[in-house]
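Numbering (this note's numbering), first residue to last: 16 to 521.
Every residue, glycine too, gets a C-beta built ideally from N, C-alpha and C.
The structure appears right after this line, and notes come after that.
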Ligand code: FRU
């Protein structure tokens with residue numbers, strides 16, 4: 016790209032990742048979930064369709080498998096399943112981002128055909144009482160050709176002085192940019208409000224370079240965790256939808272759990288105040304590992320969501336002996352029905368299906384049963400469950416997977432409570448960390464359809480058309496590939512199971 020000069024930190028990261036990638040066997044990575052080229056990955060960033068390909072950047076520390084000052088890793092894909100790595104896109108190399116790095120943000124194509132990255136610079140300003148540097152977060156831009164990006168000389172383009180008085184200068188991050196039909200730009204951002212809990216704020220720009228504060232879109236007011244991170248606001252199926260990721264949640268039934276969670280607010284933006292009038296509020300994904308969502312509008316009109324398939328609270332038990340750490344969830348198509356968010360794996364995944372196995376009307380009771388051809392660790396499986404006779408509902412139905420003599424994970428459905436529980440308590444971790452999660456599935460309690468998407472180190476469960484999703488990483492050796500079924504009471508179920516092939520080989 017004209018005028019592009021690689022800074023020393025960027026050149027170092029690029030040459031390091033290129034050398035080290037060679038030491039990671041493709042078979043030691045997830046098959047179709049994006050993992051970092053080397054080192055650490057957290058949030059998805061800059062998810063955009065640009066010049067005929069999907070671009071996905073990510074929070075990245077190439078040199079460690081733990082969080083460290085953030086770079087932006089970069090990969091591209093035509094089908095959102097087979098990813099090709101591109102060189103590291105951003106490194107901490109400017110005064111406004113070299114303290115903790117280039118934090119999360121988004122991307123959009125400019126009218127001149129270049130790709131604009133909008134990210135949070137984690138710089139430092141002044142000192143804390145203990146003498147350590149005081150972090151200062153501002154919003155910055157970089158422009159490029161899809162491979163090389165030049166940081167804008169006018170950075171930072173937004174700082175906290177434009178926020179409502181009393182808002183934090185330290186917690187102000189994760190810009191999500193989009194373009195309105197009239198060609199003007201908007202960005203939503205997460206900020207710590209004067210009441211010291213999260214708020215989501217909206218900025219406006221005519222050219223994507225000069226920004227004005229518009230208004231507060233949503234206020235936490237201490238209801239769902241404390242700080243809110245990674246906001247995304249879009250229109251879908253007649254509603255306005257705000258996705259975000261709260262920190263420091265308190266539990267509420269089986270809807271929200273302590274720690275870092277996700278939140279989906281469905282409602283409508285009031286045209287006068289610009290505030291989101293809330294209609295329904297739920298977790299986005301009820302599993303153990305899901306955080307920091309980001310969506311794009313695909314050229315065919317689908318709203319597609321990606322997320323970090325990991326959670327800050329679950330790190331203690333995660334695999335660390337690889338040269339990579341962290342992976343993205345399967346991209347999901349979103350829809351809103353009856354005020355609820357529905358998620359379904361992108362339809363491209365069906366293109367990886369091979370070796371169909373179908374069993375219909377299988378009766379099961381207490382002792383676990385195995386079915387011919389139903390096993391594997393890279394699998395797409397649909398299971399529909401119903402009581403053997405409607406008058407005698409079963410009390411519990413369990414799918415065991417990633418199973419050998421010693422280890423297993425499970426999905427357990429209890430119709431009486433409508434509860435679905437995923438568990439990796441016996442998956443082989445020696446650490447005490449978040450190992451199971453429950454949620455309530457709306458719908459007829461005695462009938463349930465589940466889709467399980469298994470990759471080498473994870474499972475994603477979608478219930479009843481995707482009204483509930485639960486994601487979980489699994490530490491069990493890939494050789495543990497048995498799948499069995501059991502039931503308390505008697506149920507009948509159908510299974511349709513496919514192996515998923517490596518998208519590199521399609
Ligand atoms: C969310 C987050 C973002 C931030 C990034 C830093 O996981 O804390 O708010 O931009 O990670 O890596």
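Item: Distance between beta carbons of residue 310 and residue 249, contact taken as under 8 Å; Value: 6 Å
Item: For residue 106 and residue 85, the rounded distance between their alpha carbons; Value: 7 Å
Item: Helix, strand or coil at residue 368 according to DSSP, with G and I counted as helix; Value: strand
Item: Around the ligand FRU, Cβ to any heavy atom closer than 7 Å, ordered along the chain; Value: 57, 58, 74, 82, 85, 118, 119, 135, 188, 189, 205, 244, 245, 260, 306, 307, 323, 327
Item: Pick from 428, 476, 452, 83 that is closest to residue 501, judged by C-alpha positions; Value: 428
Item: Where residue 440 falls, given that 16 or more other Cβ within 10 Å makes a residue buried; Value: exposed
Item: Beta-carbon proximity of residue 187 to residue 202, cut-off 8 Å; Value: no
Item: Length at least 3, wholly inside the segment 473-500: the beta strand (DSSP E) runs in chain order; Value: 473-478, 483-488
Item: Contact check, residue 496 vs residue 391, beta carbons under 8 Å; Value: yes
Item: Check whether residue 430 and residue 409 have beta carbons under 8 Å apart; Value: yes
Item: Inter-stretch contact (C-beta, 8 Å, three-pair minimum) for the segment 104-123 and the segment 57-64; Value: yes
Item: Three-pair Cβ contact test at 8 Å for the segment 447-456 versus the segment 397-407; Value: no
Item: Run of the alpha helix (DSSP H) containing residue 26, from where it starts to where it stops; Value: 23-36
Item: Which of helix, strand or coil DSSP assigns to residue 518; Value: helix
Item: Cβ pair count under 8 Å reaching 3, the segment 338-353 against the segment 310-327; Value: yes
Item: Inter-stretch contact (C-beta, 8 Å, three-pair minimum) for the segment 204-213 and the segment 239-253; Value: yes
Item: Local Cβ density within 10 Å of residue 315, reported as buried at 16 or more and exposed below that; Value: exposed
Item: Residue 356: first and last residue of the uninterrupted beta strand (DSSP E) it sits in; Value: 355-360
Item: Where the beta strand (DSSP E) through residue 254 begins and ends; Value: 254-261
Item: Sequence-distant residues of its chain with Cβ nearer than 6 Å to residue 423 (five each side left out); Value: 415, 441
Item: Identity of the residue in 142, 258, 178 nearest residue 191 by Cα; Value: 258
Item: Residue 235 classed as buried or exposed, judged by whether at least 16 other C-beta atoms fall within 10 angstroms; Value: buried
Item: 7 Å Cβ shell around residue 31 - same chain, five flanking residues per side excluded; Value: 77, 78
Item: Residue 130 and residue 251 closer than 8 Å at C-beta; Value: no
Item: Rounded separation between residue 183 and residue 225 - CA only; Value: 21 Å
Item: Segment contact, 8 Å Cβ cut-off, at least three pairs: the segment 95-111 with the segment 130-143; Value: yes
Item: Segment contact, 8 Å Cβ cut-off, at least three pairs: the segment 94-106 with the segment 160-170; Value: yes
Item: Exposure label - residue 301; buried when at least 16 CB within 10 Å; Value: buried
Item: Extent of the continuous beta strand (DSSP E) run through residue 464; Value: 463-470
Item: Three-state secondary structure assigned by DSSP to residue 49; Value: coil
Item: Integer Cβ distance of residue 443 from residue 490, believed to fall under 8 Å; Value: 5 Å
Item: Alpha-carbon to alpha-carbon, residue 297 and residue 148; Value: 37 Å
Item: Where residue 41 sits in the DSSP three-state scheme; Value: helix
Item: Chain-order list of residues whose beta-carbon lies under 6 Å from that of residue 292 (same chain, five-residue window excluded); Value: 282, 283, 285
Item: Under the three-state DSSP convention, the category residue 270 falls into; Value: coil
Item: Cα-Cα separation, residue 479 to residue 99; Value: 33 Å
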